[in-house]
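Worksheet for the structure shown next.
Written out as structure tokens, the structure is:
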């Protein structure tokens, strides 16, 4: 069996050495639990510096689902609805977490090309809403995902435009940034430009897919939401007792641009892969904006590749998903291309 | 300022070297997310071996609150009540987590000396319950804590007796074992004797207070509860994507008795401290059964000790709490006793 | 201003004289609260007789939303999803009630012509479900509405076919029968044929739209669901203290076919209206199967009709909704047609 | 068997003739559903006039449990606690409704003589609260019941004093007024004095126990709570479609002092009964402040009375509960006394 090459998910990657070292370094002396420690204090400063926002507050949580669902419930009343793309993770892959934590808040999927909510779709949703009618969950939050689960990316202008339209009807703006570093690295914008400057109130800041050990985070730019989250997280069991070991991961992640370097590495591997696939005549569904690609590959070819140690997800109907991570090497990409070329015969 | 001595909480301790090493060792190669990895599979075998139960299933979660609240909701219908001691952590210190996750299940505090539910108190609760009356939340789970938040411990017979009484009225049995290793080490019983052999259906297995980095666990001995927990945890955001790094901590923790050695170390430090306090004429509220003591110390003495770098919790009214951890050394205990002697003057 | 003619909603109608008389008759002597009264006992016998089912149990509730949401949560775990037509009332017009009572259960809208779930749509939903994947709410209930909010009706065979497919994947079957009497009267089937014989586990039995004063009901054909509902209703505040006055309405409603006579009267008025509209060349979106019609009427004509005292709902885009009730008279229908003819000019 | 005399509960009484007549009178013509009718508009005016408060808003609901639980959740965040007497109905007899609707808000029972929260008990609760600690549900509402389930009554000064203390810590004030008319009639104060002038934000206005057919109400004096309730009630299934028939009951109830006359009638019957019991040497636990008494009667005597057609509740241990209603006649009271005298032998 040939050496496996991991292209299933960036979730399958390990921990960045810098982050593991930071965890080990934090294991010195005692520190109060539940966030009353110096590492957590440092994280708050780091987040404010990196996002250029004096009120930004980070809340470490153990998963993206927790970040999304709890972040959303700080913005959405129980009788509200969260508008999102119909392919959104919060709608399809979190087992109703937002509705549970949100006391029965519902999600409403909107269409849009490239898995991105379009301005037209949002305007149409507003036009078909029975505003002020208590029989009808009232739109309260617009939740965007960037990069999407399909590898496409919203630019700052797109987010800002949707955010402005959302605010005009009183909605708040949430960004599911499970892979936000990949988007920032791809777009070359600042973290602020892609978030609060574009109107984002609460961000799910992904870290585990990009090198962290055991933590993602909610970053709130809204002090009222932050105040709620202090309680909402505790009662959800998302306040780690030894929080220093969660905070230190995020602090290391955001320090000296590590997060963006890791993401740039994953993006570059994907670009190399995409270019190679193009040379091989393999069709990509969308040009990969970050570190994920969906490609058309005959199911027979997919089976051959699986036998050949290439780890990826077959999506059925001749579609395959490839994801690179910060650990993907050029050598692995080249070897993957070699195997694909061979499998195509 | 003298060197600080940490006696505030075992939560303030760090990570056991064996566990940190295991985490680092797991950072090799890629592994599927959400538990489909070899470390998580190994953990399941370990739990079954250590607890001598073929169906025992471990679910890593990031906090004891998550373990308690989610574990309880797998045993309690929304119209049920959870009976517990009136000083229980789930009742007083989890901000309603059980009621939230439980869809409005309520908690009912019972009295009992030494912070332990007495058989009489449970029998009285049953006698005053309006069984089958839909105006009244129906007792569905008895939740015990051992060691309690006050350092006292249930023996296996006490648990078994309460469990039998509970089962006679159809209740399930939950054990909040945030410090269960300290209880097992103190009692010298087996993990099985203190849990499922005494009737426990679901255990909150604490690990962070005793050397883990970022995880506690639910251990379910009931396959029906386990089946629910698969979904309940996901939608609560308690399924870590890189679960191998959580599972490996628990596996290392339970391997070759590490958890019990760490706990025995904490207990021994407390015994040394208690003995010394006795020599100094300091009154202990209860003889410390595990790694926690409440002692009578004049508030002026407490203030002097705080100035002198002894870290502990003043509880008001001349009461102080001391907690030892696996990191507490004999030297620290002796030095603490020296400072206490000096402060008493 | 001409005499108003009520065609907005059957909700706007009053109380059937037989039901008001029954309420007045029940106001004799004292009776225990919360259902321990002879009228409620009689209702249970009536429901079992009318539905030909020995375990059928009726639970009076004050609204169709309560009947739907509470009935569904007795069939659906919190991590489940309720499949329904994308135009269903439970999805669009109950402000998230099912998700709230269901602890975050979600609803998933399916397509289908005539506002009816098609077998193909259900099969497709099953094919695209990630069964057993805890990231994904698991289909647990199929909820059908008959008549739909658009006046179309499922026949017994359609329900039975969908029910069989649903059961093959472990789903339960719920029927939102806010206007079920109109469907039964239109189809000429028995209540049993349209409900449990077609696989229905829990029925929302509408009564207020068809002559009751203050109550609808859940009718459960599943003893396990009934047992849950005893508690679920109480804690939802849906157990009326003077329940005799709710039960007696339902008993009178179901006695000697009153419910079906009232519904047949509403249906006949609609048939007369539809026939007349046909003569006037007014297009109907679907042939009205029960007591509701959507018709194409120029907005200018709609405005004239409104000025002329015809009460109906303009749906925008040249669409108007007409609903007849048990109180609609032939004279009113004929007068409505006269005004429509005049408005069309 | 002698003619039964109903002294079990005012819930067992029937409907006041004035209210039944008002319902019948409202059954004329058609009216829009869900509260957009003239009777509901009239109710709002009535409530504002009777309570002398320009923003008072009434929400008809079908039970006191619904009124309490939904009213409380408009005042209490999910991480809040509701403080109440340890014998309160919301704590003991609503099957967790407040915790369910409140997203896991918890209730905390306080002591106090006569089943009344004392100022000392409230002060003590505040002193033992860990304010601002997210491990601990934060006191958010004080809920009082008057008359209590034990027949005792808070005067306006008592409520105002507790309300002031509660407000000093940021709590809101809720009044469970399931029998509020009996309290007002007994105290001779105005409705305003016992509610918002004493600091009450939201009132559960009982009506069914005192002559209504199928409705109680929430009366909100806080526009922000009212705005929430519009949505909270709908999604709880507590917005009746034919709301005119609920509103008209409440309007008739509050018109020309009917509610207070009915309550005064019940209170007078109780006073007559208490006086007679005194003459018979029967001990009353508390002097009955309204329409309920707990008396010491040997269990053998109770058994004789039950055989003799006197309907009351035996509470065990030689205690019996008697409740009068607006339908209790002087003749019935005298006959009850005669039977008690005979049973005592």
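Residue numbers (my numbering), protein chains in the order written: chain U, 90 to 434; chain A, 90 to 434; chain D, 90 to 434; chain B, 90 to 434.
C-beta: ideal position from N, C-alpha, C; glycine also.
Computed from a prediction, not measured in an experiment: that's the story for all the values here.
Residue i, buried or exposed, once every other Cβ within 10 Å from all chains shown has been counted against 16
{"i": "residue 99 of chain B", "result": "buried"}
{"i": "residue 226 of chain D", "result": "buried"}
{"i": "residue 91 of chain A", "result": "exposed"}
{"i": "residue 413 of chain D", "result": "buried"}
{"i": "residue 126 of chain U", "result": "buried"}
{"i": "residue 368 of chain A", "result": "exposed"}
Residue i, DSSP secondary structure in three states
{"i": "residue 142 of chain D", "result": "coil"}
{"i": "residue 234 of chain D", "result": "strand"}
{"i": "residue 416 of chain D", "result": "coil"}
{"i": "residue 385 of chain D", "result": "strand"}
{"i": "residue 262 of chain A", "result": "strand"}
{"i": "residue 164 of chain D", "result": "coil"}
{"i": "residue 337 of chain A", "result": "helix"}
{"i": "residue 280 of chain A", "result": "helix"}
{"i": "residue 227 of chain A", "result": "strand"}
{"i": "residue 149 of chain U", "result": "strand"}
{"i": "residue 62 of chain D", "result": "The shown model of chain D, from 90 to 434, leaves out residue 62 of chain D, and the question about it has no answer."}
Closest Cα partner of residue i within the set the options
{"i": "residue 234 of chain B", "options": "B/258, B/215, B/217 and B/203", "result": "B/203"}
{"i": "residue 459 of chain A", "options": "A/351, A/285 and A/313", "result": "Outside the shown range of chain A, which is 90 to 434, sits residue 459 of chain A, and nothing can be said about it."}
{"i": "residue 246 of chain A", "options": "A/159, A/208 and A/153", "result": "A/208"}
{"i": "residue 291 of chain U", "options": "U/430, U/302, U/434 and U/165", "result": "U/165"}
{"i": "residue 123 of chain A", "options": "A/224, A/301 and A/334", "result": "A/334"}
{"i": "residue 434 of chain U", "options": "U/394, U/276, U/405 and U/415", "result": "U/394"}
{"i": "residue 382 of chain B", "options": "B/396, B/388 and B/410", "result": "B/410"}
{"i": "residue 105 of chain D", "options": "B/404, B/119, B/128 and B/353", "result": "B/119"}
{"i": "residue 306 of chain U", "options": "U/408, U/192, U/190 and U/342", "result": "U/342"}
Residue i vs residue j beta-carbon contact at 7 Å
{"i": "residue 358 of chain A", "j": "residue 297 of chain A", "result": "no"}
{"i": "residue 324 of chain B", "j": "residue 220 of chain U", "result": "no"}
{"i": "residue 188 of chain U", "j": "residue 195 of chain D", "result": "yes"}
{"i": "residue 281 of chain D", "j": "residue 138 of chain D", "result": "no"}
{"i": "residue 151 of chain B", "j": "residue 151 of chain D", "result": "yes"}
{"i": "residue 287 of chain B", "j": "residue 244 of chain B", "result": "no"}
{"i": "residue 240 of chain A", "j": "residue 363 of chain A", "result": "no"}
{"i": "residue 263 of chain B", "j": "residue 161 of chain B", "result": "yes"}
{"i": "residue 402 of chain B", "j": "residue 131 of chain B", "result": "no"}
{"i": "residue 384 of chain B", "j": "residue 373 of chain B", "result": "yes"}
{"i": "residue 172 of chain B", "j": "residue 197 of chain B", "result": "yes"}
{"i": "residue 447 of chain A", "j": "residue 310 of chain A", "result": "In the structure displayed, chain A extends from 90 to 434; residue 447 of chain A sits before or after that span and is not available."}
{"i": "residue 175 of chain D", "j": "residue 200 of chain D", "result": "yes"}
Under 8 Å from the C-beta of residue i: neighbouring residues of chain B
{"i": "residue 320 of chain D", "result": "184"}
{"i": "residue 168 of chain A", "result": "184 and 185"}
Residue i: contacting residues in chain U (beta-carbon distance under 7 Å)
{"i": "residue 327 of chain B", "result": "Per Cβ cutoff of 7 Å: no residues; residue 327 of chain B is ~11 Å from chain U at best."}
Under 8 Å by beta carbon: chain A residues contacting residue i
{"i": "residue 334 of chain U", "result": "104, 302 and 303"}
{"i": "residue 420 of chain D", "result": "Those do not exist, as residue 420 of chain D stays about 48 Å from chain A at its closest Cβ, beyond 8 Å."}
Interface flag, residue i vs chain C, CB-CB below 7 Å
{"i": "residue 324 of chain B", "result": "No chain C appears in this structure, whose protein chains are U, A, D and B."}
Chain D contact residues for residue i, given Cβ-Cβ distances below 7 Å
{"i": "residue 150 of chain B", "result": "326"}
{"i": "residue 224 of chain A", "result": "323"}
Cross-chain neighbours of residue i in chain B, by beta carbon under 7 Å
{"i": "residue 188 of chain A", "result": "188, 193 and 195"}
Beta-carbon neighbours of residue i, restricted to chain A and to distances below 7 Å
{"i": "residue 95 of chain U", "result": "119"}
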